[in-house]
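To start, the structure itself, in structure tokens.
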Amino acid sequence: MKSCWLSIAVVFGLVLPVFAADKVRPVRMGCGIMTFDTVPGWGLGEDGRSVLGSTHGG
568 MKSCWLSIAV VFGLVLPVFA ADKVRPVRMG CGIMTFDTVP GWGLGEDGRS
618 VLGSTHGG
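Using the working numbering, the letters of the sequence shown map in sequence onto residues 568 to 625.
Set out below in structure tokens:
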């Protein structure tokens, strides 16, 4: 019985953080006419890496 409760605790410990993850929301930046909303994930491939390559001479 003790191992059953331990198994349940492990399952909940692994599953609950997945449901608790916050969704990425846009951020508003700037002031007045120069106010912009960011686009989360823009320019990233499915693996989370930049698809733009090097920028700014890098």
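Where a beta carbon is used, it is the ideal one built from N, C-alpha and C, also for glycine.
C-beta contact flag for residue i and residue j at 8 angstroms
{"i": "residue 612", "j": "residue 606", "result": "no"}
Where residue i falls: helix, strand or coil (DSSP)
{"i": "residue 621", "result": "coil"}
When the options are compared against residue i, the one with the closest alpha-carbon
{"i": "residue 626", "options": "608, 597 and 574", "result": "Absent from the structure is residue 626, since the part of the chain shown begins at 568 and ends at 625."}
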